[in-house]
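Trainee: In UniProt numbering, the protein residues as written are 1 to 126.
Here a beta-carbon is modelled for each residue, glycine too, at the ideal position from N, C-alpha and C.
Computed from a prediction, not measured in an experiment: that's the story for all the values here.
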């Protein structure tokens with residue numbers, strides 16, 4: 001769904017994947033439930049749209065919508081940093097994330113559709 005700010009219309013979604021330190025498979029049970037709640041809380045606080053989240057035993061998948069003012073790296077830093085801090089303050093067990101992550105973009109149009117649209121614009125000018 002297209003959203004808007006005062007100066008822009010946008011439809012930006014990011015698929016984010018990251019793993020706990022040492023790739024330990026401990027994101028299960030209560031830890032999984034707590035992290036999902038914290039991710040939702042962070043997205044609400046930062047005015048992000050958490051479309052999907054899946055906490056796997058050894059990694060996390062998030063699908064987040066964001067206004068164009070937020071760089072993907074900033075969103076990842078918010079989610080990883082704030083979630084670790086909140087989790088570690090609230091609960092006795094600890095969560096630590098690696099520094100690495102994956103982020104991919106998604107929207108309503110595919111790369112091929114956009115390339116075709118731009119190519120058609122060039123031929124319309126002639």
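Return the first residue and the last residue of the beta strand (DSSP E) that residue 28 is part of.
Mentor: Locating residue 28 in the chain shown gives position 28, where the first residue counts as 1. From DSSP, residue 28 is part of no beta strand (DSSP E); its letter is neither H nor E.
Trainee: Cα-Cα, which of 69, 118, 113 is closest to residue 7?
Mentor: Taking the first residue of the chain shown as 1, we reach residue 7 at position 7. Residue 69 is the option with its Cα nearest to residue 7.
Trainee: Tell me which residues share the same chain as residue 86 and place their Cβ nearer than 6 Å to its Cβ, disregarding the 5 neighbours each side in the sequence.
Mentor: Numbered from 1 along the chain shown, position 86 holds the residue referred to as residue 86. Closer than 6 Å at the Cβ level, and outside the excluded window around residue 86, lie 38.
Trainee: Tell me whether residue 20 is buried or exposed, calling it buried when 16 or more other Cβ atoms sit within 10 Å of its Cβ.
Mentor: Counted from its first residue, the chain shown places residue 20 at position 20. Answer is buried; the Cβ neighbour count reaches 16.
Trainee: Quick one: Cα of residue 24 to Cα of residue 14, how far?
Mentor: Locating residue 24 in the chain shown gives position 24, where the first residue counts as 1. Locating residue 14 in the chain shown gives position 14, where the first residue counts as 1. Taking the straight line joining both Cα atoms gives about 25 Å.
Trainee: Who are residue 97's beta bridge partners in DSSP?
Mentor: Position 97 of the chain shown, counted from the first residue, corresponds to residue 97. Partner(s): 20.
Trainee: Inspect the CB distances between the stretch 29–37 and the stretch 86–102 and report whether three or more fall short of 8 Å.
Mentor: yes
Trainee: Judging by CA-CA distance, which residue of 65, 100, 67, 18 is the nearest neighbour of residue 55?
Mentor: The sequence position of residue 55 within the chain shown is 55, counting from 1. When only C-alpha atoms are compared, the closest one is 18.
Trainee: Checking 8 Å against the spacing of the C-beta atoms, do residue 74 and residue 62 come in under that value?
Mentor: Numbered from its first residue, the chain shown carries residue 74 at position 74. Numbered from its first residue, the chain shown carries residue 62 at position 62. Contact: no.
Trainee: What's the gap between the Cα of residue 59 and the Cα of residue 27?
Mentor: As a working mapping, residue 59 is identified with position 59 in the chain shown. As a working mapping, residue 27 is identified with position 27 in the chain shown. Going by the C-alpha atoms only, they are around 8 Å apart.
Trainee: Give me the DSSP bridge partner(s) of residue 39.
Mentor: For the purposes of this step, residue 39 is taken as the residue at position 39 of the chain shown. According to DSSP, residue 39 bridges with nothing at all.
Trainee: When burial is assigned at 16 or more other CB atoms within 10 Å of the CB, is residue 96 buried or exposed?
Mentor: As a position in the chain shown, residue 96 is number 96, starting the count at 1. Exposed, since its Cβ has fewer than 16 Cβ neighbours within 10 Å.
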